[in-house]
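Residue 267 in this note's numbering sits at position 261 of the sequence shown, with consecutive numbering throughout. Glycine included, each C-beta is placed from N, C-alpha and C at the ideal position. One structure below.
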Amino acid sequence: MVEKYDPLLFIEHYKKTNETLLWKKYYRSLEEFLGREPNDELTIWVQQFGLLTNLVDDLMDKDKKGYYYLVNNTKELSICLWSVLEKIKICVSQSNFRKFTDCIALSLLAQSDEDNYKLTPSSSENDYCYLVQRSVKLMQSFIYILDAEPSRILLQGIEYLAINFQIMNDLDNFKLTVPSDVLNKKGTLPLLRLATYAKEQKNNELMYLLTDSSYEERRESIVIIKKALNESGVLMYCRLLALSYSNRAEQLLLSISSDKKKIETLLMRNEMRD
């Protein structure tokens, strides 16, 4: 018996994680911050769109539990995405929807860059500036649903917030027994920073493990790489940098609104803590 694809099964799965709550809270907090009246129907479709982008990300990462299920249902996933976009289109003005989809297109281009990127001896921390744009553009796109002409300060504030969230997401991967980012030589901030450190210290063995080793060699060297991340100070550096971006986002948002409660909600600090 062939399993029938039902996107709601995925939605229900994600409801057991923080991801649903974070997408919903992020959009709701944007509504409140911008002084918009709540729109429950639109919130549902925006939330589902956010979750579907998570599924696309899982599909590209190839390291999540439901990967093979997604591979076998890529057509249905695409149909579901287009269906949700059509629902959003009905709920917003043409101008807002065009700006929203333009921003999503930029996020998808950045997703392609991110997916094709592999650590090499020439990799540097500067590469993160464009690799993180998938997250930046995705979070900025939600602004355009509510405001077709957002202020530059708001866009910059959300960019800083997105970078903060992405760095924390990168760090979360190293809590796994076998971090998939190491196995796949992904351009995450901790690994880019560690590669830079290895280059500066002329640590050829570490550089080899990060960039030129085989999949099996990296799997067997996870303990060594994790130890290097800790002893080099890379993990602490990434945590402090994430906090710095969160603080920068806060300062920019405070220049728009003095309501600290709304800003704290938008920063989602309670939800992002371990």
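Three-state secondary structure (DSSP) of residue i
i, result
"D63", "helix"
"V138", "coil"
"D265", "coil"
"L272", "helix"
"A201", "helix"
"E43", "coil"
"G56", "helix"
"T126", "coil"
"L260", "helix"
"D153", "coil"
"S238", "coil"
"Q207", "coil"
"V229", "helix"
"V90", "helix"
"T183", "coil"
Range of the contiguous alpha helix (DSSP H) that encloses residue i
i, result
"A3", "One cannot answer for residue 3 here, as it falls past the ends of the chain, which runs 7 to 280."
"G193", "Premise fails: G193 is in no alpha helix (DSSP H) and is neither H nor E."
"Q172", "R158 to N179"
"R225", "Y221 to E226"
"L212", "N210 to T217"
Distance between beta carbons of residue j and residue i, contact taken as under 8 Å
i, j, result
"L58", "V90", "6 Å"
"R254", "Y166", "5 Å"
"M274", "L28", "7 Å"
"I159", "I269", "Actually they are not in contact, since the Cβ atoms of I159 and I269 sit about 13 Å apart, beyond 8 Å."
"N179", "T194", "7 Å"
"E223", "L215", "7 Å"
"L189", "R42", "Between R42 and L189 the Cβ distance is about 43 Å, and since that is not below 8 Å, they are no contact."
"F148", "Y33", "6 Å"
"L200", "L235", "6 Å"
"S129", "L198", "6 Å"
"F39", "L249", "Contact flag wrong, Cβ pair sits at about 21 Å."
"C86", "D176", "Going by Cβ atoms, the distance from C86 to D176 rounds to 28 Å, so no, they are not a contact pair."
Where residue i falls, given that 16 or more other Cβ within 10 Å makes a residue buried
i, result
"N102", "buried"
"Q146", "buried"
"L246", "exposed"
"Y221", "exposed"
"C109", "buried"
"P196", "buried"
"E242", "Residue identity check: residue 242 is Met in the sequence provided, not Glu. So M242 counts as exposed."
"V184", "exposed"
"E37", "buried"
"E120", "buried"
"N170", "buried"
"K192", "buried"
"S157", "exposed"
"E92", "exposed"
"G163", "buried"
"V229", "exposed"
"E211", "exposed"
"D46", "exposed"
"S84", "exposed"
Min CB distance residue i to chain B below 7 Å
i, result
"L48", "Given the protein chain composition of this structure (a single chain), no chain B is represented."
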